[in-house]
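To convert a position in the sequence shown, counted from 1, into the working numbering, add 44.
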Amino acid sequence: MLVLNCAKSMSETDESKANGERGGTNDIASNVAVKMSHKKWKAFIKKEKRKAKRQEEAKLRDEQQIREEERRLNSPSYQAEKAAEELKEELERRKIEEESKRQHELWLFHEQRSQELLRQKKEWEEKERQKKEEIERKIKEEWEERQKKEKEEEEERKKKKEKQVMSTNKNPYPELLCIYC
45 MLVLNCAKSM SETDESKANG ERGGTNDIAS NVAVKMSHKK WKAFIKKEKR
95 KAKRQEEAKL RDEQQIREEE RRLNSPSYQA EKAAEELKEE LERRKIEEES
145 KRQHELWLFH EQRSQELLRQ KKEWEEKERQ KKEEIERKIK EEWEERQKKE
195 KEEEEERKKK KEKQVMSTNK NPYPELLCIY C
């Protein structure tokens with residue numbers, strides 16, 4: 045109960061300070077509903093004073109940091125340093141972009157070269173295939189012609205042979221024809 049009342053009294057005190065009211069320990073004392081022992085009361089007041097002092101120091105420290113930061117941001121040396129850093133970053137970005145562009149162009153060149161080599165290889169393979177087909181066609185024609193000649197020669201020989209056989213089978217004496225023959 046004591047802690048709750050103390051905390052409540054502190055929040056009310058903070059509100060009164062925020063409203064512009066000035067007050068000291070009497071304000072705190074008037075807000076505390078429970079009677080405390082003198083020792084506890086002194087400890088509580090001491091604690092509140094330390095808390096207020098820390099808050100004030102933190103506020104001053106924050107304000108000082110803000111002023112220092114503003115002064116630093118507005119100083120010519122910082123501006124020059126910042127401009128140099130931005131320039132360095134810009135140069136680095138451009139360098140990276142140029143390297144990326146160079147790598148891309150190199151890749152495109154290799155890709156085009158590969159495509160050209162592939163096209164040339166296909167053309168060469170097509171020409172070789174056509175040559176091979178032409179050679180095979182000529183060989184086939186020669187073979188067919190040779191086969192045809194051999195067949196004709198064979199037929200010629202057969203005819204000759206038949207003639208010879210016919211001529212040998214002919215009756216040497218045609219006048220004497222045999223009735224039985």
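Glycine included, every Cβ here is placed at the ideal spot set by N, Cα and C.
Quick check on the DSSP output: the alpha helix (DSSP H) that includes residue i runs from which residue to which?
i   : result
K93 : H82 to N118
Keeping to the same chain, check which residues put their C-beta closer than 7 Å to that of residue i; ignore five residues upstream and five downstream.
i    : result
Q191 : none
L117 : none
K193 : none
K205 : none
Exposed or buried, what is residue i when buried is set at 16 or more other beta-carbons lying within 10 Å of its beta-carbon?
i    : result
S121 : exposed
F88  : buried
Given residue i, which residues of its chain have a CB within under 6 Å of its CB, disregarding the five upstream and five downstream residues?
i    : result
Q208 : none
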